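Chemist: Offset between the sequence shown (1-based) and the numbering used here: plus 37. Below you'll find the structure I mean.
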Amino acid sequence: PWHTLVLDEAQYIKNFQTKTAQAVRELQADWRLALSGTPLENHVGELWSLMRVVSPGLLGSWERFRKSFAEPIAKDRSGDRLKALSRVVRPFILRRTKKEVLTELPSRTEVIRLAELSPAERKKYDAARMAALSELSTGNDENDQQKRIRVLAWLTRLRQLSCHPRLVDAAWSESSAKLDLFMEIIDELREGEHRALVFSQFVQHLSLIREALDKA
């Protein structure tokens with residue numbers, strides 16, 4: 038048994054079903070502290086997993102928490118349930134912002150650049166959008182879960198088309214509005230001798246960007 042248990046990067050136990058989370062829950066300690074920059078990323082179930090270690094019993098069993106908070110917040114977008122959950126956990130959470138920790142750092146600057154789809158891209162996107170509306174208007178025998186999966190699949194397809202049509206159509210031989218804008222920004226950054234981190238939610242999209250950069 039330990040007097041104090043300190044969990045750094047505590048988001049590694051946000052999934053209570055993992056072996057890591059299960060092993061941490063077996064540690065015996067009189068006082069517990071969890072440190073994390075991202076305590077909640079996907080859903081409130083991650084908060085339950087953290088609190089299950091830091092303050093066992095505070096949020097009850099998973100089944101009770103799921104019915105009282107997780108499902109109403111995720112499915113019904115219940116603001117009342119979200120506020121109720123906040124009231125319960127607030128006394129146990131100390132939140133520090135960047136300004137409180139590193140006062141010398143300047144505020145983050147955001148520059149939003151919008152990419153207008155080309156006529157060919159717009160035609161392809163609109164065709165997929167109409168196909169999605171047509172398909173999702175059928176299937177009345179589906180349950181909510183099946184319908185949700187189909188909606189998410191179509192949303193993903195539309196997001197991919199917004200990035201680059203080749204993510205959906207392997208035969209697409211042209212560039213994309215987003216990639217063209219990206220290459221313009223890269224030229225600007227190189228002229229200023231800057232470095233950049235490039236993110237995309239689609240790994241295949243990063244491959245297309247790499248291909249364009251190699252070619253340039």
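Idealized CB from N, CA, C, for every residue including glycine. Quantities reported herein were computed from a predicted structural model and do not represent experimental measurements.
For residue 82, count neighbouring Cβ atoms within 10 angstroms of its own Cβ and tell me buried if that reaches 16, exposed if not.
Modeler: buried
Chemist: Leaving aside the five residues before and after residue 106 along the sequence, list all residues of the same chain whose C-beta is less than 7 Å from its C-beta, in chain order.
Modeler: 81, 118, 122
Chemist: Could you give the residue range of the beta strand (DSSP E) that holds residue 132?
Modeler: Unbroken run through residue 132: none, as it is neither H nor E.
Chemist: Contact check, residue 90 vs residue 50 under 8 Å by CB: the rounded distance?
Modeler: 6 Å
Chemist: At which residues does the beta strand (DSSP E) containing residue 39 begin and terminate?
Modeler: 39–44
Chemist: Is the region 241–249 close to the region 181–193, with three or more CB pairs under 8 Å?
Modeler: no
Chemist: Could you name the residues of the same chain whose beta carbon sits closer than 8 Å to that of residue 206, not counting the 5 residues immediately before and after it, in chain order?
Modeler: By the criterion of a C-beta distance shorter than 8 Å, residue 206 is surrounded in its chain by 161, once the five residues flanking it on both sides are discounted.
Chemist: What distance in whole Å lies between the Cβ atoms of residue 76 and residue 58, which are believed to be in contact at a cut-off of 8 Å?
Modeler: No, residue 58 and residue 76 are not in contact; Cβ-Cβ is about 14 Å, not under 8 Å.
Chemist: Using a 10 Å radius around the Cβ and a threshold of 16 neighbouring Cβ atoms, would you call residue 104 buried or exposed?
Modeler: It is exposed - the Cβ of residue 104 has fewer than 16 other Cβ atoms within 10 Å.
Chemist: When burial is assigned at 16 or more other CB atoms within 10 Å of the CB, is residue 202 buried or exposed?
Modeler: buried
Chemist: Look up residue 66 in the DSSP assignment and give the residues it is bridged to.
Modeler: 39
Chemist: Over the uninterrupted alpha helix (DSSP H) stretch that includes residue 181, give me the two end residues.
Modeler: 181–200
Chemist: Ignoring anything shorter than 4 residues, give me the alpha helix (DSSP H) runs that lie fully in the region 72–151, in order along the chain.
Modeler: 82–91, 99–102, 108–112, 116–126, 135–138
Chemist: Work out the CA separation of residue 182 and residue 191 for me, nearest whole Å.
Modeler: 14 Å
Chemist: Whole angstroms is fine: what's the gap from residue 236's alpha carbon to residue 170's?
Modeler: 30 Å
Chemist: Check each candidate in 231, 239, 223 and name the one with the smallest Cα separation from residue 251.
Modeler: 223
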